[in-house]
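As numbered in the working numbering, residues 1298 to 1670 make up the sequence shown, in order.
Read the structure below first, then the notes.
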Amino acid sequence: GEVVIEKPPGVPFTLEDLNETLEKTQGMRLMGQRFIPDSYMFQQLVFPAVDPYTGSGDPKPFTMEMTNGGPARVFPRGLDVMNVLGSDQASRILEKEGDTDYTRYDTQIEKLQNNFSSFNVTEWHRNLYFSWLYSLQPLLESYSEEYPYYMKTDAWEQKSLHTALSSWTELRHDTILYAKQSYTPVKLTSVEPPVTTSGFVEPAVEVYVRLQALTNMTLHGLQSFNVLNATEENRLYALVDVLDHMIDLSIKELEGTPFSETDERFLADIDETLETTVLGVNAKGKETTLVADVHTDTNTNQVLEEGLGYVDMIVVAVPDSDGKLVCAAGPMLSYYEFKHPMNDRLTDEAWKEMLSTDDIPDRPDWISSFFAE
């Protein structure tokens, strides 16, 4: 069914009306869509929960659009999710770009941060969606003194924020069929190759530890339902093993311990090793180009699209085992956030076609600290 809040003509939908609607619909299920935490965050960070706009409008922030009742925060941003999860970088970017210039935004953010920061490990592992978000949180934290200098710069922290947003985009894409979206109401085996050069692993130990816990949770959960075939089971076991190596190599890098010959061979074979984690997955399932609409605004009849484009290459100056700086290169996902007409919600195929034209959306301004065309 549906809940109708009767309002006289010209009387706007308020935060109290929103809370009444949420209370009345609590528990309503008939093959219903699942609650997901970031949609809840979005609902709490757009009109009427956040209102009115207090900025100058010059330049116009991404989140603000004109409605019948004036300027309002009708769009959230992926950065809002990362802000709630504790990213100081996301908070600073949102403030700099004018996306926090609304009455009650700070109050709502603080309420959400207190809510989610109170979760214990068991609560974060209530399901795979929450566990995935939990795995991303270390990417949003500042690194301590024992980490390399480059990982403590603003550029690296923003690169890590970009990585977290990219991974979250894939999470939303993969759960789009059952995730309940947020809305803004109308306001008024092989021959071993020779080892030639040393490899390098981004020493994000806590990320790998949490990803391994998530993988084990997935593996054992699906095994308990007896729904995995041998190929699928082996893929998950292979990923657990890869993450084991990544944790070990990261610790060695942080401690200044040279890699063994076995370590070097693992890194030299990493492309083939990773291939075992996607064995049997069709070509489409391996593509990085994907898109998901995550929020609908009925004032502008637009949706918020979160997309991943073609893989970029990142080059980082890192110390080798002798302390000399060398250049390490590797792949990095490309993240997009843009508005699109709600009557033309993009499919992966349409998004991929858009990427090959001049109609491609701009990348976020804030990635300029580490990205250049």
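C-beta atoms are modelled at their ideal positions from N, C-alpha and C, and glycine is treated no differently.
Check whether residue i and residue j have beta carbons under 8 Å apart
i	j	result
Lys1645	Thr1585	According to the sequence as given, residue 1645 is Asp; it is not Lys. Not closer than 8 Å, so no.
Ser1495	Glu1407	no
Asp1398	Pro1358	yes
Gly1395	Gly1366	no
Thr1466	Ala1589	yes
Ser1388	Gln1478	no
Ile1657	Met1629	no
Thr1400	Asp1348	yes
Leu1576	Thr1528	yes
Val1537	Gln1509	yes
Pro1616	Pro1445	yes
Ala1614	Phe1497	no
Met1363	Leu1462	no
His1422	Ser1415	no
Start and end residues, alpha helix (DSSP H) containing residue i
i	result
Tyr1632	Segment Tyr1632 to Pro1638 is the beta strand (DSSP E) holding Tyr1632; no alpha helix (DSSP H) there.
Ile1406	Tyr1402 to Ser1414
His1470	Asp1451 to Asp1471
Thr1515	Val1502 to Ser1521
Thr1570	Ile1567 to Glu1572
Arg1389	Asp1385 to Lys1393
Thr1528	Ala1527 to Glu1552
Glu1297	Given a span of 1298 to 1670 for the chain in the structure shown, any question on residue 1297 remains unanswerable.
Tyr1426	Leu1425 to Leu1433
Glu1420	Val1418 to Trp1421
Val1381	Gly1375 to Val1381
Lys1749	There is no way to answer for residue 1749, as the model of the chain reaches only from 1298 to 1670.
8 Å contact criterion, which residue i and residue j should meet: CB distance rounded
i	j	result
His1592	Phe1339	5 Å
Gln1405	Ala1346	6 Å
Glu1442	Gly1383	Going by Cβ atoms, the distance from Glu1442 to Gly1383 rounds to 20 Å, so no, they are not a contact pair.
Thr1574	Ala1535	5 Å
Phe1344	Leu1601	The pair is not a contact, with the Cβ atoms about 14 Å apart (cut-off 8 Å).
Tyr1505	Ile1544	5 Å
Arg1374	Leu1391	7 Å
Ile1333	Tyr1426	6 Å
Gly1666	Asp1451	In the sequence as presented, Gly is not what sits at residue 1666; that position holds Ser. Indeed they touch by this definition, with Cβ atoms about 6 Å apart.
Pro1500	Glu1550	5 Å
Val1502	Ile1473	Incorrect: roughly 31 Å between the Cβ atoms, too far for contact.
Leu1533	Thr1515	6 Å
Residue(s) in a DSSP beta bridge with residue i
i	result
Ile1611	Gly1627
Glu1603	Ala1589 and Glu1634
Pro1616	Leu1622
Ser1479	His1592
Tyr1399	Tyr1350
N- and C-terminal bounds of the beta strand (DSSP E) containing residue i
i	result
Ala1369	Gly1367 to Arg1370
Met1363	Met1361 to Thr1364
For the region 1595-1602 against the region 1432-1441, are there 3 or more C-beta pairs whose distance is under 8 Å?
no
Would you check if there are 3 or more beta carbon pairs closer than 8 Å linking the region 1619-1635 to the region 1602-1609?
Flag = yes, the region 1619-1635 and the region 1602-1609 touch.
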